[in-house]
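Peer 1: Dumping the structure here so I can ask a few things about it.
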Amino acid sequence: MNEIIRMNHILINQKANTWEEAIRLTGHPLVKSHAIDMEYVDNMVTSVKELGPYIVIMPHFALAHAAPGISVHQSEMSIATFPEGVCFDCDNDPVKVLICMACIDKTSHIDRLQKIANILMDETIIQRMCDCTSEQELYDIINTDGK
Amino acid sequence: MKHKIQTVCGFGCGSSLMLKMNVEAIAKKHGIEIDAFCGDVGTCCSNECDVIFISKELAERIAERTKVPLVVFNNFMDKKEVEEKSLAYFETIK
């Protein structure tokens, strides 16, 4: 099966006091699996500092990413749920689901991002993701709904 | 003539891509021919296009530099918002 997000890149029931902490937490599994270097996590944080919270593209959902570059080894995504919400200082606060996206170029991830977009069109999706009690449950939502 | 729409985010490969997909779907639904492509906030003003579709936060950064109209979105994934604002724009260029 062609996974949209791998099991080891999924975190549920996370807590973060700041948006920066949330991005670092969500990005960590990608560092651990060597898809990215720590530098890319720093870049994702810097991009929000420089450009603002535009990554919160819909209520309660943020798509963190940085420019493709040498700190990315594989195009991968990670996801984390924050049922209590994290403040990004924007109209779509609080963020409850965060995806970190790493891409080696501007095209290799399009297919998977399209599938994520389809999943996000479901109005109940954020709640359903936050209600997941296991990583497996969230994995199934992403990789089944997204097909 | 096809309308050249540039969707813009920080790096031209994340949220702008999602917005592009949604705008393309709406154009298709309404039989409007468009040519959409992604751009990043740093270079978007020098890319040739008829209009820029962008998020509220980023729009403020380019508002003074851009030569083309901006269509500003709060929620890239809200079909209703994307449809309404896209169609409103298409109306103006008929």
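Chains as they are written, first to last, in the working numbering: chain H, 756 to 902; chain V, 132 to 225. Using N, Cα and C, we set each Cβ at its ideal position, and we do this for glycine too.
1) At 3 residues or longer, and completely inside the region 760–833 of chain H: list those beta strand (DSSP E) runs for me, N to C.
2) Which value, in whole angstroms, describes the spacing of the CA atoms of residue 775 of chain H and residue 202 of chain V?
3) In three-state DSSP terms, what is residue 224 of chain V?
4) Just verifying my parser: in three-state terms, what is the DSSP assignment at residue 899 of chain H?
5) Under 6 Å Cβ to Cβ from residue 786 of chain H, same chain only, skipping five residues before and after it: list those, please.
6) Residue range of the alpha helix (DSSP H) that residue 874 of chain H falls in?
7) Would you decide whether residue 763 of chain H is buried or exposed? Buried here means 16 or more other CB atoms lie within 10 Å of its CB.
8) Within the 8 Å Cβ cut-off, does residue 782 of chain H reach chain V?
9) Answer yes or no: do residue 188 of chain V and residue 845 of chain H have a C-beta to C-beta separation smaller than 8 Å?
10) Compute the beta-carbon to beta-carbon distance between residue 170 of chain V and residue 147 of chain V, rounded to the nearest angstrom, for a pair I have assumed lies under 8 Å.
11) Tell me the residue span of the beta strand (DSSP E) that contains residue 854 of chain H.
12) Check whether the region 758–773 of chain H and the region 819–835 of chain H touch, using three or more Cβ-Cβ pairs below 8 Å as the test.
13) So is residue 801 of chain H buried or exposed if we call it buried at 16+ other beta carbons inside 10 Å?
14) Any idea if residue 825 of chain H is buried or exposed, counting beta-carbon neighbours within 10 angstroms, 16 or more meaning buried?
15) How about residue 207 of chain V: is its C-beta nearer than 8 Å to some C-beta of chain H?
16) In the region 138–210 of chain V, which residue ranges form an unbroken beta strand (DSSP E) of at least 3 residues, counting only runs that do not cross its ends?
17) Terminal residues of the continuous alpha helix (DSSP H) containing residue 884 of chain H?
18) Use the C-beta contact count for residue 145 of chain V: other C-beta atoms within 10 angstroms, 16 or more gives buried, fewer gives exposed.
19) Mark residue 815 of chain H as exposed unless 16 or more other C-beta atoms lie within 10 angstroms of its C-beta, in which case mark it buried.
20) Does residue 760 of chain H come within less than 8 Å of chain V when only Cβ atoms are used?
21) Would DSSP call residue 839 of chain H helix, strand or coil?
22) DSSP on residue 861 of chain H, reduced to helix/strand/coil?
Peer 2: Based on what the coordinates show:
1) 816–820
2) Taking the first sequence and counting its residues from 1, one reaches residue 775 of chain H at position 20. Taking the second sequence and counting its residues from 1, one reaches residue 202 of chain V at position 71. Going by the C-alpha atoms only, they are around 29 Å apart.
3) To locate residue 224 of chain V, count along the second sequence from 1; it is residue 93. Three-state DSSP puts residue 224 of chain V in coil, outside helix and strand.
4) By 1-based counting over the first sequence, the position of residue 899 of chain H is 144. Helix, per DSSP.
5) On the first sequence, residue 786 of chain H is found 31 positions in, with the first residue counted as 1. Cβ within range, chain order: 793.
6) Position 119 of the first sequence, counted from the first residue, corresponds to residue 874 of chain H. Looking at the DSSP string, the run of the alpha helix (DSSP H) that includes residue 874 of chain H is 865–875.
7) As a first step, residue 763 of chain H must be located in the first sequence, where it is residue number 8. With fewer than 16 other Cβ atoms within 10 Å, it is exposed.
8) By 1-based counting over the first sequence, the position of residue 782 of chain H is 27. Not closer than 8 Å to any Cβ of chain V, the Cβ of residue 782 of chain H fails to qualify, so no.
9) Start at 1 with the first residue of the second sequence, and residue 188 of chain V comes out as number 57. Start at 1 with the first residue of the first sequence, and residue 845 of chain H comes out as number 90. Yes; because the gap between Cβ atoms is below 8 Å, this pair is in contact.
10) Against the second sequence, residue 170 of chain V aligns to sequence position 39. Against the second sequence, residue 147 of chain V aligns to sequence position 16. Confirmed, about 7 Å.
11) The residue labelled residue 854 of chain H in the question sits at position 99 within the first sequence. Counting along the chain, the beta strand (DSSP E) containing residue 854 of chain H begins and ends at 850–857.
12) yes
13) The residue labelled residue 801 of chain H in the question sits at position 46 within the first sequence. It is exposed - the Cβ of residue 801 of chain H has fewer than 16 other Cβ atoms within 10 Å.
14) For the purposes of this step, residue 825 of chain H is taken as the residue at position 70 of the first sequence. Residue 825 of chain H should be labelled exposed.
15) Here the question's residue 207 of chain V lines up with position 76 in the second sequence. Yes, its Cβ sits closer than 8 Å to a Cβ of chain H.
16) 165–171, 182–186, 201–204
17) Start at 1 with the first residue of the first sequence, and residue 884 of chain H comes out as number 129. Residues 880–885.
18) Along the second sequence, one-based indexing puts residue 145 of chain V at 14. The residue is buried, with at least 16 neighbouring Cβ atoms inside 10 Å.
19) Start at 1 with the first residue of the first sequence, and residue 815 of chain H comes out as number 60. So residue 815 of chain H counts as buried.
20) Reading the first sequence from its first residue, position 5 is the one you call residue 760 of chain H. No, its Cβ sits nowhere closer than 8 Å to a Cβ of chain V.
21) On the first sequence, residue 839 of chain H is found 84 positions in, with the first residue counted as 1. Here residue 839 of chain H sits in strand by DSSP.
22) The sequence position of residue 861 of chain H within the first sequence is 106, counting from 1. The answer is coil: DSSP assigns residue 861 of chain H none of H, G, I, E or B.
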